[in-house]
Structure formats: C-alpha cells, structure tokens
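Take any residue in the sequence shown, count from 1 to its spot, add 53: that is its number in the numbering used here. Inspection log for the structure reproduced underneath, given as structure tokens.
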Amino acid sequence: MIHYLQEPLLLENRGVTIRNRFMKSAMSEGMASRSNAPTEDLIRLYERWSEGGAGLIVSGNVMVTRDALGEPGNVVLEDAGSMDTFRRWAKAGKKEGNEFWMQLNHPGKQVVRGLVKEGQAPSSLPFPKGFQKFFAPPRALTKAGIEEIIHRFKRTAALAKEAGFTGVQIHAAHGYLISQFLSPRHNIREDEWGGSIENRSRFLKEIYRAVRAEVGEDYPIGVKINSADFMQAGFTEEESVYVIRTLEGLGVDLVEISGGTYEKAVMTGKQSVKSKREAYFLEYADALQNQTHLPVAVTGGFRTKEGMIGAVRSGSADMIGLARPLAVDPDIPRKMLHGEMEDIVIPSIKTGIPPVDKAGMMEVMWYSQQLHRMGKGKATKPRFSAKLSMLLALWENGTGVFQKRRA
C-alpha cells in the first residue's frame, strides 16, 4: 500500500518531478535576524527537515517588503543584500535531493501593532473589535500601490530563483493580502480590483503572470489558497473553485488547499470544519476532481498512513501536506515511507487555564519552541509541559508573547 506515497509526482508543465507525495507545508518560524535575513538556526532547521524525507519542502512565509511584516522574526527578501545567506538556506533545505520552494507573502492588514503604523488592504475596513487590539489599522491601497506590490512579488521570486530555491509558492490563503482581495468581506472596491470574483481574483492573477514572466517557463510556481473563509459574506467554495480553474488555465503547477483566516482559524484545527474524513479539506478536494486536473496538495488533519494513502489513491490529494506534526517529529515522511510508522500522535497542548487554552496561542508558542530547539541542533520535546512552555515564553518575551501569532 505504501507505494502510493512513494510514487513520484511529475509537474508536467515544467518537467519537474517531486520524488514522493509528502509535502512539508509552510509554518511561520519567526527565526529571522534583526535585518530579516535567515539565521544559522533557520538554516539548520531546514537542513533537518530535508533529512526527514519529504519530497517537497515549502518555507515559512517570506515577506516581499520590509515595510509590511506580519510578525517579529519574519524573513524578508526584497533585494540582493543578503544573497549569500539565502543561498546557504536554499542549499540546506534541498540537501537530500528534495524540492525546496520559497513561500512569498504580503500580510496586508494582518500586521501586528507596534511593527508598523498601519496595514495595507484592498479597502480601509478594520478587523472586528476583538482583533483590533492585535492588528494595526488599515488603509486602502491605491492603484499605484497595488502595482508596486505586484512588482515586489516578482522581484522576490526572481531573487529566490537566483538563490537556488527550486520553486516558489504564492500565499493566497489565511487572510493575508491576496486572500483579502479575494474576499468580499474585506474587498469592497468598485474598480477593476473589486466587485465580481473575476475582479477580486485579478490581484492574484496579475501576481502570477508577473512572477511567471520573471522566472521563466521552466520554474515551478504553486499557490496556497483557501477552500473558503468560513465567514459570513466571505470567500466561498464556489469562488475558490472558479479561481483554481482560472489558475490552471494560467499554468500554475500545484495548488495547496487550506481554509480559514485568523478570524476563523479553521486551518489550525481549533475551529475545524465538519468532515467525515481524516483531513480537514478532503471533501472540498473531492469536489475539485471533476473541476480541474491541476495537482492538489491537501494540508491539515492527516494523522494516519492509511488516511494519507486513501487520499492519494482516490485522487483527492496528489500531495499530503504536513505542518505541525513535522515540528514534533521531522522524520515522519521517512518513517512512513520505510514502514516504521503508521499513525501520528499529536500531544495535547493544554495549560489548564481556560482563557489561554481557548485562544490557542499557547499551542502556537509550544510548536514555535520545538522549531527553535531543532534550529539549535537539539531534539524536540514532544512531552514538554504546556505550563512550562508558557512560563518559558513569559520569561523570554514578557506578556507581549500573548500577541496574535501565526500558526
């Protein structure tokens, strides 16, 4: 049965072969230097993931401009100033012959207060009151501002290719800027960038076209997109299918399915969608089978080898995306491919303090600490107490640690 996960995946448009069906999905590491360059710890972390056996590794979100940071510790690639370090990062992340793609992102208005004075968004609509204490107030982008950000994506993609990354992924999910343009909840523009789904998806389409023109026809480009926002008046499944079919027509090589935003964090499992199957978004992926031939990666909720094999065998998923499990055990792909593991056991991260546990921030911090351990060359601590994790976070960062963090 395991041969379904071992089978290589050919990206036909580029002639690129991914050696197996495991994908390490993006997680925000928060491990950049003060100048937003990769650190030795970040390089060491990705070398460790490469050793873990996944066919495709996707970096945490790399911001396309230093003027828009989603959180402290974001990596930024906007010029050639730190290219030697990026080259070392790329080399480490593909050490064992896997593909290593850089995820390109702009946070839009999903920017932490204190890092920037204001966010940028399709429309000057603030978040609901409960989120305004975390995020800076937004201003609506001008048409010139939109074109400038498209240029930034293009520039970062070109630098990623120069550094040695084997592809890029455009982040259009989880409530970041491209996702904000896609959502009628956040985009109420009345020009060519808003209104119909054709117009709301224009920003993503133009970014793809600009990146493709810059990196050439032999370089893989993927897109991470929501199946839906799961919010009233938000981006719907029907609209998501339309966008994915459009992306296929443009030549996108791989689409990763996720869902939710930081208002409705479905992608973390804290506010999960109802599903009869193991992974969160497989039923949506099933519906895509008759709509597109584009290779699909599904991320979120996979916990058994049987469930992964079933998803690939049925055609629901071409790639199995794993994120948090690889923060605990980076060798899961290798172990499953060699018959050494059947199920993934995820520890319960509970402090016993209801407000902390309900918010889910403690889980993000706990997993972040595991990443930092690997970055130091240490083994992870799957049984590390959530209470001790909280005390460690408070000791190192103070109460500011409870600011909104990325999953």
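We treat Cβ as the ideally placed atom computed from N, Cα and C, and that holds for glycine.
message = Taking 9 Å as the threshold (C-beta atoms), are residue 81 and residue 352 in contact?
response = Stepping through the sequence shown from its first residue, residue 352 is reached at position 299. Stepping through the sequence shown from its first residue, residue 81 is reached at position 28. Not closer than 9 Å, so no.
### Task
Mind checking which residues open and close the beta strand (DSSP E) that includes residue 372?
For this step, residue 372 is matched to residue 319 along the sequence shown. Residue 372 -> beta strand (DSSP E) spans 372-375.
* In chain order, what residues of the same chain lie with their CB nearer than 7 Å to the CB of residue 402, ignoring the 5 residues before and after it? -> As a working mapping, residue 402 is identified with position 349 in the sequence shown. Once the five neighbours on either side are set aside, the close Cβ partners of residue 402 are 415, 416, 419, 439.
**Asked** Can you tell me the Cα-Cα spacing of residue 75 and residue 307, whole angstroms?
**Response** Counted from its first residue, the sequence shown places residue 75 at position 22. Counted from its first residue, the sequence shown places residue 307 at position 254. One C-alpha to the other measures close to 13 Å.
### Task
Could you work out which residue in 218, 233, 192, 309 is closest to residue 145 when comparing CA atoms only?
To locate residue 145, count along the sequence shown from 1; it is residue 92. Measuring from the Cα of residue 145, the nearest candidate turns out to be 218.
| query | For the candidate residues 190, 247, 231, 220, whose alpha-carbon lies nearest to that of residue 160? | reply | What you label residue 160 is simply residue 107 of the sequence shown in a count that begins at 1. Ranking 190, 247, 231, 220 by Cα distance to residue 160 puts 231 first.
Output the distance between the C-alpha atoms of residue 151 and residue 275, rounded to the nearest integer angstrom. Within the sequence shown, numbered from 1, the residue matching residue 151 stands at position 98. Within the sequence shown, numbered from 1, the residue matching residue 275 stands at position 222. Spanning the two alpha carbons is a distance of roughly 16 Å.
Could you give the DSSP three-state label for residue 238: helix, strand or coil? On the sequence shown, position 185 is the one that residue 238 refers to. Correct three-state label for residue 238: coil.
- request: Below 6 Å CB to CB, which residues in the same chain sit around residue 184 once its five sequence neighbours on both sides are set aside?
  value: Residue 184 sits at position 131 when you count from the first residue of the sequence shown. For residue 184, same chain residues with a beta-carbon under 6 Å away, outside a window of 5 residues either side, do not exist.
ask   = Roughly how many angstroms separate the alpha carbons of residue 177 and residue 192, rounded to a whole number?
value = Taking the first residue of the sequence shown as 1, we reach residue 177 at position 124. Taking the first residue of the sequence shown as 1, we reach residue 192 at position 139. The alpha-carbon of residue 177 is positioned some 5 Å away from that of residue 192.
Could you tell me the distance, in whole angstroms, from the CA atom of residue 41 to the CA atom of residue 262? Lying before the first or after the last residue shown, residue 41 is absent from the chain, which here runs from 54 to 460.
- Task: Assign residue 365 to one of two classes, buried (16 or more other C-beta atoms within 10 Å of its C-beta) or exposed (fewer than that).
- Result: Mapped onto the sequence shown, residue 365 falls at position 312. That one is buried.
Fill in: the stretch 105-115 / the stretch 377-388 touching (three or more Cβ pairs under 8 Å)
The stretch 105-115 is in contact with the stretch 377-388.
Nearest neighbour of residue 66, chosen from 304, 288, 206 [CA to CA]: Sequence index remark: in the sequence shown, residue 66 carries index 13 (1-based). Nearest C-alpha to residue 66: 304.
task: Starting from the C-beta of residue 101, find all residues in its chain whose C-beta is less than 7 Å away, skip the five residues before and the five after it, and write them out in chain order.
output: Within the sequence shown, the letter at position 48 stands for residue 101. Annotation for residue 101: 383, 427 place their beta carbon closer than 7 Å to its own, counting only its chain and skipping 5 residues before and after.
message: So, with DSSP's three-state summary, where would you put residue 323?
response: Numbered from its first residue, the sequence shown carries residue 323 at position 270. Reliability of the predicted coordinates at residue 323 is poor, the pLDDT of 47 falling under 50, and no value is obtained from them.
TODO: Could you check what DSSP says for residue 471 in three-state terms: helix, strand or coil?
DONE: Because the chain here runs from 54 to 460, residue 471 falls outside it and cannot be looked at.
Which residues does DSSP pair with residue 224 in a beta bridge?
Here residue 224 is taken as the residue at index 171 of the sequence shown, counted from 1. Checking the DSSP bridge columns, you'll see residue 224 partnered with 277.
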